[in-house]
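Peer 1:
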Amino acid sequence: MPGDAGTEQTTTVIIGTGLSGLAVAAELRRHGVDSIVVDGLDILGANQPANTSSLQRCDAADSDTLRERNEILRHLRNYAASHRVDVRNTTRAVQLTMVEGPKNESTPQWRVHTPTGVLVADHIVLTRCAHSQLRRMLNDFGITVGRNVAAAMRAIGIYLVGVGELITPSPKEVLRQAKTVGQAISAKVNQGTAQQPGGAFPATGSFAVLGC
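Structure below.
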């Protein structure tokens, strides 16, 4: 973003440099949409209760699933390198701030704070976050959420990939989610009119320390 040292503008920031994050980045690149992929920190900050039970996941995949995941991950890394996808494995997201978007937009913009600067984006993709964490995030932003957490997130420009209720999705399911999210974001970017209705979100808000 011009005139703001240490700040970069991009279309989408993807938080999570694993299979889910790279799959979304590859899908967006295929649609001609720029993105920046960064790593994420644990969602529980120093001022949060030391209760990590909500972070526990059943990741006991069998050997065939692990081989499949590793093979897909290898292909995605090669794709990212050959197509110059902006993957920043050593850059960590430490805070997510919601700011008011342009007057003609019904969704906010996002600032992803990292130790080296701020990334400004219209869309955020989160990976490997527990639903309880996501609900707390929405509450911190002053947004009331019903039963459908994913829909509430999409309404403010945040998408979920690789996020399961109890278990980690299979590699094929992750790729399916990545394709769906990539198509949804690219449709908004390329058409410029497919915005969520309403626009009932706070002008500003902040969520410190991401867990993706």
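Start counting the sequence shown at 6; every next residue gets the next number (our numbering).
In this text, a Cβ means the ideal position worked out from N, Cα and C, and glycines have one as well.
These numbers come from a predicted model, not from an experiment.
According to DSSP, which residues form a beta bridge with V43?
Peer 2: DSSP output for V43 lists I20 and R93 as bridge partner(s).
Peer 1: Does the pairing of the region 82-96 with the region 66-73 give three or more beta-carbon distances under 8 Å?
Peer 2: no
Peer 1: Under 8 Å, with one C-beta from each stretch per pair, do the region 140-154 and the region 185-197 reach the 3-pair mark?
Peer 2: no
Peer 1: Going residue by residue through the region 113-185, where are the continuous beta strand (DSSP E) segments of at least 3 residues, counting only ones entirely within it?
Peer 2: Listed in chain order, they are 114-119, 122-126, 128-132 and 163-166.
Peer 1: To the nearest angstrom, how far is it from the Cα of G21 to the Cα of N83?
Peer 2: Each residue's Cα considered, the two are about 17 Å apart.
Peer 1: Assign G2 to buried or exposed, taking buried as 16 or more other Cβ atoms, counted over all protein chains shown, within 10 Å of its Cβ.
Peer 2: Absent from the model: residue 2. The displayed extent of the chain is 6 to 217, so no value can be given.
Peer 1: Using the C-alpha atoms, what's the distance from A126 back to P113?
Peer 2: 9 Å
Peer 1: Just tell me which of N94, I161 and T70 has its CA closest to the CA of E105.
Peer 2: I161
Peer 1: Report buried or exposed for G147, applying the criterion of at least 16 other Cβ atoms within 10 angstroms of its Cβ.
Peer 2: exposed
Peer 1: With a threshold of 7 Å on Cβ separation, who are the neighbours of T185 within its own chain once the five nearest residues in sequence on each side are excluded?
Peer 2: none
Peer 1: The beta strand (DSSP E) that contains E73, what's its start and end?
Peer 2: Here E73 belongs to no beta strand (DSSP E); instead the alpha helix (DSSP H) covers S68 to S87.
Peer 1: Measuring straight from C-alpha to C-alpha, what distance separates W115 and T96?
Peer 2: 17 Å
Peer 1: Distance check for L24 and M158, CA to CA, integer angstroms please.
Peer 2: 21 Å
Peer 1: Going by the beta-carbon positions, is the gap between V43 and V194 smaller than 8 Å?
Peer 2: no
Peer 1: Tell me the DSSP secondary structure of V104 in three-state form.
Peer 2: strand
Peer 1: Looking at S40 and T16, is the spacing between their C-beta atoms short of 8 Å?
Peer 2: yes
Peer 1: Pick from L124, E32, E76 and P176: whose alpha carbon is nearest that of A98?
Peer 2: L124
Peer 1: Only counting the same chain, and skipping five residues up and downstream in sequence, which positions put a Cβ closer than 7 Å to that of R34?
Peer 2: H88 and V90
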